[in-house]
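Please read the structure below before turning to the comments.
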Amino acid sequence: MYYKQSSNVIYRDYGSFGYITDNRNFGYKLTTDDESYIGDKIVSESGAVFLSELSRSPQSIECLTEKICKRFLDVDYEIIKKDAIEFYSMLENEGFVISGDTFEKCNKNDAGFSYKKNKYKRLKNTHIINKGMENTTQAFFDKYFNNEPQLTSIHVEITSRCNERCIHCYIPHENKTEIMSTQMFYDIIKQAREMKVLHVTISGGEPMTHNDFVKILRICDEYNFSVNVLSNLTILNDDIVKEMKHNHLLCVQTSIYSMDSHIHDSITQKKGSLDKTIASILTLIENDIPVQISCPIMKQNIDCYLDVVKWARLYNLNVNSDYVIIGCYDYSARNVDCRVELNDIRKIINQRIDMDYKYLSSLEKEYNKKRDMRVDDYICSVCNSSICISETGNVYPCAGWQGYTLGNIKNTKLKDIWKHSEKVNYLRNLRRRDFPKCLSCTEKEFCTMCMVRNANEHPQGDPLELNNYFCDIAKINKEVYFNRKHI
Ligand SMILES: C[S@@+](CC[C@H](N)C(=O)[O-])C[C@H]1O[C@@H](n2cnc3c(N)ncnc32)[C@H](O)[C@@H]1O
Ligand code: SF4
Ligand code: SF4
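For any residue, its number in my numbering is found by taking its place in the sequence shown, counting from 1, and adding 123.
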């Protein structure tokens with residue numbers, strides 16, 4: 124019998140335990156995917172030894188047993204073989220491991236992502252096999268790391284250069300000039316892997332303008348990261364598709380603003396851009412590479428953004444359509460003229476409820492969750508599980524918040540910035556209680572207060588100064604929710 128690690132899982136060995144997770148905790152789902160498919164698991168110290176010998180290439184049980192025997196010198200070969208078969212079979216039932224009678228069959232049984240048919244195996248939600256642990260994975264991590272925040276996700280802007288000039292872009296156009304060296308990217312990935320980071324988002328500017336883009340993808344694959352690429356897809360080529368195709372942990376997010384090329388191209392300010400992006404999406408679909416579409420809603424596309432949603436449905440693609448446009452990170456707010464009016468936001472929320480029967484119940488779920496918020500809750504994942512690194516090596520709280528530098532990886536290790544940067548610790552220590560107006564607000568259950576939205580529209584970039592536009596949106600959310608709930 125042959126065994127391999129399933130191609131859509133990520134594994135990190137912590138020595139005293141192992142952590143295995145499904146890439147769909149980070150990647151994109153098809154419109155037909157069932158949310159309950161996502162899973163992760165903590166395995167015991169000996170389980171971690173058994174798991175770390177598995178690779179993405181099938182190995183015979185005899186070969187695996189010999190390797191494991193070298194790590195348990197006083198245990199009999201036959202006992203280890205029996206335990207290994209039992210352990211791998213249990214993980215196979217949960218979708219993390221693949222087996223087959225031969226090398227070829229084992230590879231063939233590893234279906235991976237497909238548009239034609241959702242071939243992923245069903246995974247249970249969360250499993251803990253550590254003796255005495257009957258808690259969730261997050262609770263286990265919190266306890267193990269003594270509530271110290273763990274970095275799990277990094278956003279890397281490999282270049283600020285871009286071949287488009289979108290009217291809403293939070294990156295000031297005159298800053299779209301720099302490129303990250305491939306060596307710097309490699310250093311970041313090596314450091315992130317040592318810190319047990321699981322997921323990397325590669326973005327820009329337009330990341331495909333980087334001459335070493337294929338090499339950068341290869342580095343992520345080599346270090347076994349879950350990867351999301353954010354790209355306008357106007358300069359996709361065969362080499363990139365080939366590299367993307369063989370990385371099962373990779374997803375792509377691209378941007379379409381309208382199916383009408385005049386409107387889309389007037390937003391990107393690049394003639395011919397819609398045709399190129401659509402052609403590339405179809406190429407990625409043909410090659411079974413997961414794609415998601417981002418479609419920010421603005422004055423320019425409010426009357427036609429739903430055509431993007433309808434088109435995407437034909438291909439089973441998810442569309443993220445959001446009316447939240449954040450201000451430029453230079454605090455100039457020069458890009459926010461394109462934002463939709465508050466009345467239009469009311470229309471959009473009602474449209475969502477009409478089109479998606481689950482939307483109202485998702486609002487209700489959020490409402491109930493936020494009702495239980497406590498004063499010492501974190502504001503968001505910034506400096507708690509995620510961070511952003513730009514092409515200059517500067518480290519920021521998140522991609523849109525580049526007026527606030529936390530450090531630079533040219534002179535400080537990522538782990539030191541994460542642990543010791545004064546600014547990181549300041550942001551990490553901010554809690555709901557630091558926003559007193561929000562604590563007593565009657566709309567707080569309908570609001571996603573966000574520090575970058577505050578900072579980027581404040582002349583001095585103050586993240587604590589609330590942005591009234593978003594307070595107005597919260598009022599509308601509340602009003603529509605209660606109107607529609609009682610129908
Ligand atoms: C900054 S771009 C980088 C990747 C690539 N150039 C692209 O456009 O897809 C990532 C996403 O952010 C969105 N975006 C840009 N500026 C924004 C803003 N001010 N507010 C909200 N989303 C924004 C873009 O539409 C795009 O979907
Ligand atoms: S949104 Fe993306 S494509 Fe548009 S200008 Fe900004 S970085 Fe370039
Ligand atoms: S609506 Fe304004 S005051 Fe109320 S919770 Fe949101 S940001 Fe705070």
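Cβ atoms here follow ideal geometry from the backbone N, Cα and C, with glycine treated the same way.
Only a predicted model underlies this, so the values are computations on that prediction, with no experimental measurement involved.
| Check | Outcome |
| --- | --- |
| Using only CA atoms, which one of F236, L174, S237, E297 lies nearest to I208? | L174 |
| When you measure from the CB of G526 to every non-hydrogen atom of ligand 2, does any distance come out below 7 Å? | no |
| In whole angstroms, what is the alpha-carbon distance linking N424 and D477? | 19 Å |
| In terms of alpha-carbon separation, which member of P586, V350, S381 lies closest to Y454? | P586 |
| Mark Q392 as exposed unless 16 or more other C-beta atoms lie within 10 angstroms of its C-beta, in which case mark it buried. | exposed |
| Would the beta-carbon of V300 fall within 8 Å of that of R288? | Residue identity check: residue 300 is Thr in the sequence provided, not Val. Contact: no. |
| Exposed or buried, which one is E514 when buried takes at least 16 other CB atoms within 10 Å? | buried |
| Exposed or buried, G150, counting other C-beta atoms within 10 Å across all chains shown (16 or more means buried)? | buried |
| Roughly how many angstroms separate the alpha carbons of V220 and F226, rounded to a whole number? | 14 Å |
| What is the residue span of the alpha helix (DSSP H) that L353 lies within? | No alpha helix (DSSP H) contains L353, which is instead part of the beta strand (DSSP E) from 349-353. |
| Are there 16 or more other CB atoms within 10 angstroms of the CB of Q314, so buried, or fewer, so exposed? | buried |
| Beta carbon of M572: closer than 7 Å to some heavy atom of ligand 5? | Inclusion of ligand 5 in the displayed structure is not the case, the ligand content consisting of ligand 1, ligand 2 and ligand 3 alone. |
| Kindly indicate which three-state DSSP category I277 falls into: helix, strand or coil? | strand |
| Distance check for S504 and W541, CA to CA, integer angstroms please. | 13 Å |
| Give the list of continuous alpha helix (DSSP H) stretches no shorter than 4 residues that lie fully inside the stretch 497-550. | 537-543 |
| Comparing the CB of K560 with every heavy atom of ligand 3, is any distance shorter than 7 Å? | yes |
| Which class does N590 belong to by DSSP, given the choice of helix, strand or coil? | coil |
| Compare the beta carbon distance of I379 and L397 with 8 Å and say whether it is the shorter of the two. | yes |
| Tell me whether C285, by its Cβ, gets closer than 7 Å to a heavy atom of ligand 1. | yes |
| Span of the beta strand (DSSP E) holding K239? | Segment: none, K239 is in no beta strand (DSSP E) and carries neither H nor E. |
| Please report the straight-line C-alpha distance between I290 and N458, rounded to a whole angstrom. | 6 Å |
| Is it buried or exposed for P330, if we count other Cβ within 10 angstroms and need 16 for buried? | buried |
| Report the three-state DSSP secondary structure of C229 (helix, strand or coil). | helix |
| For the candidate residues G450, F195, C374, G530, whose alpha-carbon lies nearest to that of D344? | C374 |
| Give me the residue from T400, E580, C564 with the minimum Cα distance to S381. | T400 |
| Which residue's Cα is closest to the Cα of K127: A234, E168, R194? | A234 |
| Under 7 Å: does the beta carbon of F593 sit that close to some heavy atom of ligand 3? | yes |
| R341 lies in the alpha helix (DSSP H); which residues open and close that run? | 336-345 |
| Candidates R179, Y428, P419, L437: which alpha carbon is nearest Y238's? | L437 |
| Using a threshold of 7 Å, is the CB atom of N517 nearer than that to any non-hydrogen atom of ligand 2? | no |
| State the CB to CB distance for the pair T305 and D335, rounded to an integer number of angstroms; the pair is presumed to be in contact (CB under 8 Å). | 4 Å |
| Could you say which of D557, D197, H278, K231 lies nearest to S180 if we only look at CA atoms? | K231 |
| For I294, verify whether its CB is less than 7 Å away from any heavy atom of ligand 2. | yes |
| Using only the heavy atoms of ligand 2, determine whether one of them is closer than 7 Å to the beta carbon of G328. | yes |
| Could you tell me which residues DSSP pairs with G373 in its beta bridges? | In the sequence on display, residue 373 carries Leu and not Gly. Answer is V350. |
| For the beta strand (DSSP E) containing I165, name the first residue and the last one. | 163-166 |
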